[in-house]
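Residues 1 to 530 (the UniProt record's numbering) make up the sequence shown, in order. For every residue, glycine included, the Cβ atom is placed at its ideal position computed from N, Cα and C.
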Amino acid sequence: MGGSEVNQALVRLYFEAREGRRDPVAAWAELTANSEVYRQARGGRRVPLDDGTAAELAAAAIVHTASEHGSDQVAALSTAPLAGLVGGLGGAVLTEQSSAPGQLLGPRFRGPRPQDWADAAYVLLWGENNRNVRAPGSPWVIAGRYKGQKVVAIGTHPTRLSDETLVVRPGTDGALAMAVGHVLLKEFFLDRPAFAEHAMAGTDLPALVRLRELEDGLVPGGMLGRAAGQLSLYGGDGVTAAEVLLPRFDVGPGVLRRGVPAVRDGEDLVTTVFDLLLAVYGLPRPGLPGNWPEGYDDRAAPYTPGWQEAHTGVAASRALKLARELGVTAEKTGGRCVVVPGWLDTPHADTAYRAMLALLVLTGCRHGWAQPSGGAGVPLVPYLVLHACGEDRSDLGALSWALADGLFDRRTSRAVLLDAVRGGLPMAPPPRVLALPRWIYPLPPQVDLLIGPDDRCDLAVPDSRLVADMVAKLSDVQVEPGGEEPEPGEHAMRTVVDHAWMYEYGEALPVYRPPGVGVPLKPTQLVRVG
């Protein structure tokens, strides 16, 4: 007997259907024609099963589902042993990772391998980490320190692996990231153009953005699809000062009024992404209207080092030091700085990740986002909200910014996510065969087979190569589990992902949304990529 175990009721029914047949797929089809019988027995007694039979059963379920309902009806979590197989067949690979890296760094961005961390010159271990658990990447961080690498940990408690630790209050990482961005833009763009060449060639900062009228001001209204030929329109011929309305969430849904240089492009009034970014982060320039911070120590204006101190508990001087170290190191080493993100388990985590990622975009650290578990996939949190959690009776309009058009008023997260799926956004379909590595949430009723190590799963995961060989035998499709993804091509690092959903949330640029009453929904995962 092998190491696999299976729900006793399921294997008995499968063997009854398999008796007298040579085709395991036909047996599974007969079994699932009345699958309610064994579905009711889920979580019952488990019995040992040899790996060969377990692989046959799993392969039969996968092949039948893919042929009968489509391969997108087979799903696996990205950390599951069968994820490579399911992805190779065109199934949905679910991930708990944020979709923000793909939006800002490219849809096929994978990040560096842990062994590459040791070659970085500056590493930020950013996010919650457990002091009692030794992470798999720890040896590579230690190896980098032997080479003279500096490691700064940012989290809710100190860590022994870092040269320096910034202890932040839970849920306020985004505020610190915005303050660091404020300093980078001031000292490495306005005071001296340290990263201007990178910004022009490798980012969307020179891209033109249309400004549209809204109430008594202007708001970003979409990309024009071409660049201005320079980072900023400030000081050019025919430039006028336009006051734009920008979201503010630190004191409840509010509005910031900031000026940007703008020019006429036909019937459109346009500015650049860089000019909008300066307005969002609060970098004043003479002649532009609006309310601006008085300096780094201004605690009332958002995104200054002084402002973040009130939210995070990190001294303004330490935030200033962090920004300067990151900027100088990235400039001298050609972008060899890495952010190792931790687990930010808050409803606004994606906006915090976007604020962190903006720092890498600004400093040219193209490969600097080290995802804890690489691999792309369909965001898991929206999938669970859509298919498992049902109607939560929340009002998404309460999360929108003050000048939203009311698109989400009195609508629940489930209703909005269904619209997102119908609109073609990257999100999991309701699967019929779901391979998960552990029991997480109640499953949707249409799932036929749950594969995983938990006692409540139908089938313990057999050897993935046995399953792949059996799938190839039953379907004449060659699959290679766990195959390497091709290297991503060249692409521009983006600070703006242009989509209508963003205007409703006021997230056309990275913003900080403090924790509070809300729903388990990450708004930036509603943004279409490309």
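Assigned exposure category for residue i - 16 Cβ within 10 Å defines buried
{"i": "LYS186", "result": "buried"}
{"i": "ASN34", "result": "exposed"}
{"i": "THR240", "result": "exposed"}
{"i": "ARG410", "result": "exposed"}
{"i": "LEU10", "result": "buried"}
{"i": "GLU56", "result": "buried"}
{"i": "ASN7", "result": "buried"}
{"i": "residue 576", "result": "In the structure as shown, the chain starts at 1 and stops at 530, and residue 576 therefore has no counterpart that could be examined."}
{"i": "PHE109", "result": "buried"}
{"i": "ARG22", "result": "exposed"}
{"i": "GLU5", "result": "buried"}
{"i": "ASP455", "result": "exposed"}
{"i": "VAL37", "result": "exposed"}
{"i": "GLU309", "result": "buried"}
{"i": "VAL47", "result": "exposed"}
Below-9 angstroms beta-carbon distance, residue i vs any chain B residue
{"i": "LEU31", "result": "Looking for chain B here will not work: only one protein chain is present."}
Straight-line gap, residue i to residue j (C-alpha atoms, nearest Å)
{"i": "LYS150", "j": "LYS321", "result": "13 angstroms"}
{"i": "VAL251", "j": "VAL467", "result": "54 angstroms"}
{"i": "LEU176", "j": "VAL314", "result": "8 angstroms"}
{"i": "PRO101", "j": "LEU357", "result": "7 angstroms"}
{"i": "ASP298", "j": "GLY282", "result": "11 angstroms"}
{"i": "ALA30", "j": "LEU49", "result": "The sequence given here places Glu at residue 30; Ala does not occur at that position. Whole-angstrom Cα-Cα distance: 21 angstroms."}
{"i": "SER71", "j": "GLY90", "result": "6 angstroms"}
{"i": "LEU233", "j": "TRP307", "result": "28 angstroms"}
{"i": "GLY452", "j": "LEU82", "result": "10 angstroms"}
{"i": "VAL416", "j": "LEU407", "result": "10 angstroms"}
{"i": "VAL280", "j": "PHE189", "result": "15 angstroms"}
{"i": "PRO112", "j": "GLY225", "result": "30 angstroms"}
{"i": "TYR14", "j": "ARG42", "result": "14 angstroms"}
{"i": "ALA227", "j": "VAL93", "result": "35 angstroms"}
{"i": "ALA143", "j": "GLY236", "result": "49 angstroms"}
Cβ neighbours of residue i in the same chain (closer than 7 angstroms, five flanking residues each side left out)
{"i": "ASP173", "result": "TRP126, GLY127, ILE154, LEU344 and ALA352"}
{"i": "MET493", "result": "LEU104, LEU105, GLY202, THR203, VAL361 and ARG366"}
CB-CB length for residue i against residue j, believed under 8 angstroms
{"i": "LEU276", "j": "VAL260", "result": "6 angstroms"}
{"i": "ALA60", "j": "LEU459", "result": "Actually they are not in contact, since the Cβ atoms of ALA60 and LEU459 sit about 11 angstroms apart, beyond 8 angstroms."}
{"i": "LEU104", "j": "VAL339", "result": "Contact flag wrong, Cβ pair sits at about 12 angstroms."}
{"i": "VAL167", "j": "PRO158", "result": "7 angstroms"}
{"i": "MET223", "j": "ALA207", "result": "6 angstroms"}
{"i": "ALA75", "j": "PRO293", "result": "Not quite, the Cβ-Cβ distance comes to about 47 angstroms (not below 8 angstroms), so this is no contact."}
{"i": "LEU214", "j": "LEU403", "result": "6 angstroms"}
{"i": "ALA323", "j": "MET178", "result": "Between MET178 and ALA323 the Cβ distance is about 11 angstroms, and since that is not below 8 angstroms, they are no contact."}
{"i": "LEU231", "j": "ALA199", "result": "6 angstroms"}
Other residues of its chain near residue i: CB distance less than 8 angstroms, five sequence neighbours each side excluded
{"i": "ALA242", "result": "LEU211, LEU218, GLY259, VAL260, PRO261, ALA262, LEU269 and THR271"}
{"i": "ASN291", "result": "LEU256, ARG257, ARG258 and ALA301"}
{"i": "GLU68", "result": "ALA29"}
{"i": "LEU326", "result": "TYR122, LEU124, VAL180, LEU184, CYS337, LEU359 and THR363"}
{"i": "GLY397", "result": "ALA404, GLY406, PHE408, ASP409, ARG410 and ARG411"}
Three-state secondary structure assigned by DSSP to residue i
{"i": "TYR353", "result": "helix"}
{"i": "TRP369", "result": "strand"}
{"i": "VAL467", "result": "helix"}
{"i": "ALA153", "result": "strand"}
{"i": "SER71", "result": "helix"}
{"i": "GLY127", "result": "coil"}
{"i": "ARG324", "result": "helix"}
{"i": "LEU403", "result": "coil"}
{"i": "ALA76", "result": "strand"}
{"i": "PRO247", "result": "strand"}
Sequence-distant residues of its chain with Cβ nearer than 6 angstroms to residue i (five each side left out)
{"i": "SER98", "result": "ASP350 and TYR353"}
{"i": "GLY3", "result": "none"}
{"i": "ASP163", "result": "LYS150 and VAL151"}
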